[in-house]
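Asks: Counting from 1, one number per residue, gives the positions in the sequence shown under this note's numbering. Using N, Cα and C, we set each Cβ at its ideal position, and we do this for glycine too. Just so you know, these numbers come straight off a predicted model, no measurement behind them. Below: one structure in structure tokens.
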Amino acid sequence: MRNLLIFSVVIFVLLALTVIGDLVPHERSRWALIDSLITGKGFEVDQHKAGLDVAEFDGHYYSVFSPGLSLLLTPYIFLARILFGSGFSEILAVRLLSIAVTTFSAIIIYKLLLRFSSRRSAMISTMLIIYATPIYAFSETIFSHIYVMYFLVLSLYNLLNLEKISSRMIVSISLAMTFLIEYQSIITFSPIYIYCILRRRRLRDIIYLIPLLIVLGFHLYYNLTFFKHPLNFPEKFWIGYPSRPAKPSYMFSTPPHLGLYMILFSPENGLFIISPILLFAILGFKHLWRRNRWLTILILSLWLISLLLFSTWHLPWGGSSFGSRFLIPLIPTLSIPFSFIIDNKLKDSNPLRIFPLLIITFYSIATSTLGAITSPDLLFNCVMYSLIVGGIRCLPLAWIKPNPIISIAYWITITATISCIIAYLSFWKKQY
1 MRNLLIFSVV
11 IFVLLALTVI
21 GDLVPHERSR
31 WALIDSLITG
41 KGFEVDQHKA
51 GLDVAEFDGH
61 YYSVFSPGLS
71 LLLTPYIFLA
81 RILFGSGFSE
91 ILAVRLLSIA
101 VTTFSAIIIY
111 KLLLRFSSRR
121 SAMISTMLII
131 YATPIYAFSE
141 TIFSHIYVMY
151 FLVLSLYNLL
161 NLEKISSRMI
171 VSISLAMTFL
181 IEYQSIITFS
191 PIYIYCILRR
201 RRLRDIIYLI
211 PLLIVLGFHL
221 YYNLTFFKHP
231 LNFPEKFWIG
241 YPSRPAKPSY
251 MFSTPPHLGL
261 YMILFSPENG
271 LFIISPILLF
281 AILGFKHLWR
291 RNRWLTILIL
301 SLWLISLLLF
311 STWHLPWGGS
321 SFGSRFLIPL
331 IPTLSIPFSF
341 IIDNKLKDSN
351 PLRIFPLLII
361 TFYSIATSTL
371 GAITSPDLLF
381 NCVMYSLIVG
391 GIRCLPLAWI
401 KPNPIISIAY
411 WITITATISC
421 IIAYLSFWKK
431 QY
């Protein structure tokens, strides 16, 4: 318990050191909806506050996103506004909440990995999943992916113990929450429902679909109320970019092979370009297959469906963002096969075989830290330029004017700190 507490504090503090210190609210459409809900204007938003992610219907403007996350955050932001006032204080409050959610996700990932590997491997794998991937850059934003990630890892953790009623309820509620936050979750996480059905095969377990049906009813009622038809989702009425108005036929217009390249290997957003450390997880699937074939098939199915869906989306990588943000909820699923590789490497005393992994690890941490201290709204090939010209945007140094030397020094310091902690865990001989 003591080690877990220390580990949790370390995760939170390192995330807090890169919390963005400016007044820019990411996902303006969600902020606009929250502001409307707090001020009693209902679900209609101010077009100018909401930015581009707006749906227009009968002369009224609405957030193009599911209202779920905004509804969940409204009481918290309302309280922050009462206590500290509006403006930066409420933005900072949400960023700290997102960091806390990311920390809780890390704890669940760690506890999940303890079922497959040693404590040391679980700690190292968890830290790499958080700090050596785009999760780091989005860990303190209002983007929905971090919150969906939390509920996904919570459901995965409880999937391994479906014989308990409490575990089945947690899985049921967690999946319903992902659907409340993001519409596409009902498609991308459908393998989990199939997994539960095939593992249980009991008709009475249909009761666990009730939370999902409640959320589905909410979405259909929301659509009927504001868009005059239960199947008229806000995305259908997205106003689009000024130069390219939205059309339903345009939504899935990217050739799949091009979309996969953009998501995984492009220098602008490619997941494996930013975090090549994740490639080692592919090697770990053969070990996971020997331990748990059902779980292996489930994880691969989750990735297959998401890659097929988002590779054809009109913005496969998620617009101007650091990495393929649509894949962020799924990245923790790779921690399980990845932990097998870490476990094997920790037992390997040959430094020549470990050295390539160390180099790739350091590179992945350094690139992910770049996104964390600049902005999650920047493409990967722009973050270094932004760091040098615009400086870092972290709260601890927000009072300093843009200075390339200080900015680069802070980047190196954060990268070195995380790398040293992981190296300490890797080479400390005490058995966990």
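Using the three-state DSSP reduction, which class does Glu140 fall into: helix, strand or coil?
Replies: coil
Asks: Could you say which of Ser29, Asn3, Leu327, Met1 lies nearest to Glu235 if we only look at CA atoms?
Replies: Ser29
Asks: Candidates Ser105, Pro316, Pro376, Leu79: which alpha carbon is nearest Phe143's?
Replies: Pro376
Asks: Assign Glu140 to one of two classes, buried (16 or more other C-beta atoms within 10 Å of its C-beta) or exposed (fewer than that).
Replies: buried
Asks: Can you tell me which of Ala176, Arg202, Arg200, Arg201 puts its alpha carbon nearest to the alpha carbon of Ser190?
Replies: Ala176
Asks: Would you please state the rounded distance, in angstroms, between the beta carbons of Leu152 and Pro329? I believe it to be under 8 Å.
Replies: 5 Å
Asks: Could you check what DSSP says for Phe116 in three-state terms: helix, strand or coil?
Replies: coil
Asks: Going by DSSP in three states, Ile20 sits in which element: helix, strand or coil?
Replies: Here Ile20 carries a strand assignment [DSSP, helix/strand/coil].
Asks: Could you check whether the stretch 329-338 touches the stretch 149-163, counting it as contact only if at least three pairs of C-beta atoms, one from each stretch, sit closer than 8 Å?
Replies: yes
Asks: In whole angstroms, what separates the C-alpha of Leu309 from that of Tyr62?
Replies: 25 Å
Asks: Indicate the three-state DSSP secondary structure (helix, strand or coil) for Pro245 in the structure shown.
Replies: Interpretation of Pro245 is limited by its pLDDT of 48, a score under 50 that renders its predicted location unreliable; the figure taken from the coordinates is listed afterwards. Pro245: coil per DSSP, three-state reduction.
Asks: How many angstroms separate the CA atom of Pro245 from the CA atom of Leu258?
Replies: Note that Pro245 scores 48 on pLDDT, short of 50, meaning its location in the model is unreliable; the coordinates nonetheless yield the value given after this. Looking at the two C-alpha atoms, the distance is approximately 22 Å.
Asks: Under DSSP, the alpha helix (DSSP H) around His48 begins and ends at which residues?
Replies: 47-50
Asks: The beta strand (DSSP E) that contains Ala55, what's its start and end?
Replies: 54-57
Asks: Assuming Ser29 is part of the alpha helix (DSSP H), what are its boundary residues?
Replies: 28-38
Asks: So is Val215 buried or exposed if we call it buried at 16+ other beta carbons inside 10 Å?
Replies: buried
Asks: The alpha helix (DSSP H) with Ser306 in it runs from where to where?
Replies: 293-311
Asks: When the Cβ atoms of the stretch 300-307 are set against those of the stretch 355-366, are three or more pairs found closer than 8 Å?
Replies: Put simply, the stretch 300-307 does not touch the stretch 355-366. Fewer than three CB pairs are less than 8 Å apart.
Asks: If I measure Cβ to Cβ from Lys345 and keep anything under 7 Å in the same chain, skipping five residues before and after, which residues do I get?
Replies: Correct list, in chain order: Ile354, Leu357.
Asks: Please classify Asn269: is it buried, with 16 or more other beta-carbons within 10 angstroms of its beta-carbon, or exposed?
Replies: buried
Asks: What three-state label does DSSP hand Pro404 in the structure shown?
Replies: helix
Asks: Can you tell me whether Ser266 is helix, strand or coil according to DSSP?
Replies: coil
Asks: Any idea if Val13 is buried or exposed, counting beta-carbon neighbours within 10 angstroms, 16 or more meaning buried?
Replies: exposed
Asks: Does DSSP classify Ser63 as helix, strand or coil?
Replies: In the structure shown, Ser63 sits in a strand (DSSP, three-state: E or B).
Asks: Figure out for me which residue from Met127, Arg393, Phe265, Ile210 has the closest Cα to the Cα of Cys420.
Replies: Met127
Asks: Apart from the five residues just before and just after Leu370, which ones in its own chain have a Cβ nearer than 7 Å to its Cβ?
Replies: Hits under 7 Å: Val383, Met384, Leu387, Trp411.
Asks: Measure from the alpha carbon of Phe7 to the alpha carbon of each residue in Ile124, Thr367, Ala372, then state which is nearest.
Replies: The shortest C-alpha separation from Phe7 is found at Ile124.
Asks: Out of curiosity, what's the CA-to-CA distance linking Ala32 and Arg95?
Replies: 16 Å
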